[in-house]
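Colleague: To start, I am sharing the structure in question, which I have written as structure tokens.
There are 2 protein chains.
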Amino acid sequence: MSIFSKTCEYAIRAVFFIAHRTESGDRVGIKEIATGISSPEHFLAKILQDLSRRGIVKSAKGPNGGFYMDEQTLRRPLVDVVEAVDGNGLFVGCGLGLVSCSEKKPCPLHAEFAVIRKNIHQMLVKTSIGDFTEDLNLGITNLKK
Amino acid sequence: MSIFSKTCEYAIRAVFFIAHRTESGDRVGIKEIATGISSPEHFLAKILQDLSRRGIVKSAKGPNGGFYMDEQTLRRPLVDVVEAVDGNGLFVGCGLGLVSCSEKKPCPLHAEFAVIRKNIHQMLVKTSIGDFTEDLNLGITNLKK
DNA sequence: AAAATAAAAGATAAAAAACTCTTTTATTAT
DNA sequence: ATAATAAAAGAGTTTTTTATCTTTTATTTT
Ligand code: FES
Ligand code: FES
């Protein structure tokens, strides 16, 4: 188990990749993204189709087409990507799988989970997709393999 | 996605249940545990077989048999249960799925993940299986549904 | 020794997640 | 108009996770 599903890992890496490639205003094709983030091409295509439908990334068909982002989408918080792919299970609901998470009849780890889930949520809320392009451009951070 | 796999959720709920039932020294059968934590009986059986092989719970066959825990197992940290079932993927390795998590070529969220994973790990290290029996006995906390 | 009990083990099945391949649709450039 | 391009959509397959059912083994009680 890791924090996110593989699908979500690909999704986040992909939006980061698109973000840092879209600064120059151009679009980037699925093949380039897939190799750029070391993900299976057709699987990633499905993921991006979904993100595109939800308006998290933009896309254009045909020659010079591809995926891109605008000012507005770059400012969206990471949590939007995570929720679109993995849902909100990380932030709401009982960490031990009880049907409801409540103060009234909490599971033994309720208090501990409250802290952790808040941490995760806040980090995803306060970071936005575009926040990481600079380091990527500088080669300080990495999305591949 | 939630933090733990369902298997792991059942495992944690089960050890908590056994712990709070074993205080009186007696053993508790799989059926009772399964209904006590609202889990599928045979699936839970598999999970407990595994935990038993690893020494995280004790078991005895035959009449008056069942699962139980001793002083030593009650003191084991929760992280032992989680690692046994879900592995250490929550604490080590890149949160974005890169093959290695390193300071040298980190993913964009490396610093953020470091904090979160440390939080999760520390909470699982500093809590032990037996820490929650009292509240369970008092009916303050709950493991069912 | 025989019967009863309860976990262990084995074998299968269903559902979800991860991944692949092919065809269609929209757009652009010639 | 036609050809080329690239995403969208459709239709699978494979693998992993979750779950069920049956048989075997160990232990205890009678
Ligand atoms: S009840 Fe389990 S986390 Fe709140
Ligand atoms: S490289 Fe991604 S978490 Fe460290």
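Protein chains in written order, with the working numbering: chain A, 1 to 145; chain B, 1001 to 1145. All C-beta atoms in this analysis are idealised placements derived from N, C-alpha and C, irrespective of residue type, glycine included.
For Gly36/A, report the span of its beta strand (DSSP E) as first-last.
Modeller: It is not in any beta strand (DSSP E) - Gly36/A instead sits in the alpha helix (DSSP H) that spans 30-36.
Colleague: Rounded to the nearest angstrom, what separates Ala19/A and Val1099/B at their Cα positions?
Modeller: When rounded, the distance between both Cα atoms is 22 Å.
Colleague: Does the Cβ-Cβ distance between Leu1074/B and Thr1022/B come in under 9 Å?
Modeller: Yes, Cβ-Cβ distance for Leu1074/B and Thr1022/B is below 9 Å.
Colleague: Residues of chain A with a CB under 9 Å from the CB of Thr1022/B: which are they?
Modeller: Going along chain A, no residue has its Cβ under 9 Å from Thr1022/B, so there is no contact; the nearest lies around 15 Å.
Colleague: Counting contacts by CB-CB distance shorter than 9 Å, is Phe67/A in contact with chain B?
Modeller: Not one chain B Cβ lies under 9 Å of Phe67/A.
Colleague: For my contact list, Pro40/A and Asp1135/B are in at a C-beta cut-off of 8 Å; report their separation, rounded to the angstrom.
Modeller: Not confirmed; about 46 Å, so no contact.
Colleague: What residues from chain B crowd round Phe43/A, counting only those whose CB sits closer than 7 Å?
Modeller: The contacting residues do not exist; Phe43/A stays about 13 Å from chain B at best.
Colleague: Quick one: what does DSSP say Lys6/A is sitting in, helix, strand or coil?
Modeller: In the structure shown, Lys6/A sits in a helix (DSSP, three-state: H, G or I).
Colleague: Using the beta-carbon of each residue, which ones in chain B are nearer than 9 Å to Leu90/A?
Modeller: Per Cβ cutoff of 9 Å: Met1001, Ser1002, Ile1003.
Colleague: Are Val15/A and Ile129/A closer than 9 Å when you measure CB to CB?
Modeller: Contact: yes.
Colleague: In terms of residues, what are the limits of the alpha helix (DSSP H) holding Ser1052/B?
Modeller: It spans 1041-1053 - the alpha helix (DSSP H) in which Ser1052/B sits, taken as one unbroken run.
Colleague: For a test of the three-state rule: what should DSSP assign to Phe1091/B, helix, strand or coil?
Modeller: Correct three-state label for Phe1091/B: coil.
Colleague: Looking at C-alpha atoms only, which residue of Phe4/A, Cys94/A, Lys58/A is the closest neighbour of Arg27/A?
Modeller: Ranking the options by Cα distance to Arg27/A, first place goes to Lys58/A.
Colleague: On the CB-based measure, 16 or more other CB atoms within 10 Å of its CB, does Pro1106/B come out buried or exposed?
Modeller: Label assigned to Pro1106/B: buried.
Colleague: Do the CB positions of Ser1002/B and Leu90/A come within less than 9 Å of each other?
Modeller: Yes, the pair counts as a contact, with Cβ atoms nearer than the cut-off.
Colleague: Please list, in chain order, the residues of the segment 130-145 of chain A that have any C-beta partner in chain B closer than 7 Å.
Modeller: The segment 130-145 of chain A vs chain B, Cβ under 7 Å: Phe132, Asp135, Leu136, Thr141, Asn142, Leu143, Lys145.
Colleague: Out of curiosity, what's the CA-to-CA distance linking Phe17/A and Gly65/A?
Modeller: Approximately 16 Å, taken between the alpha carbons.
Colleague: Can you list the residues of chain B that Asn64/A reaches, using a CB-CB cut of under 9 Å?
Modeller: Chain B residues near Asn64/A: none, gap ~27 Å exceeds 9 Å.
Colleague: Of all Cβ atoms in chain B, is any one closer than 9 Å to the Cβ of Lys105/A?
Modeller: Yes, contact with chain B.
Colleague: Return yes when at least one heavy atom of ligand 1 lies under 8 Å from the C-beta of Phe132/A, else no.
Modeller: No.
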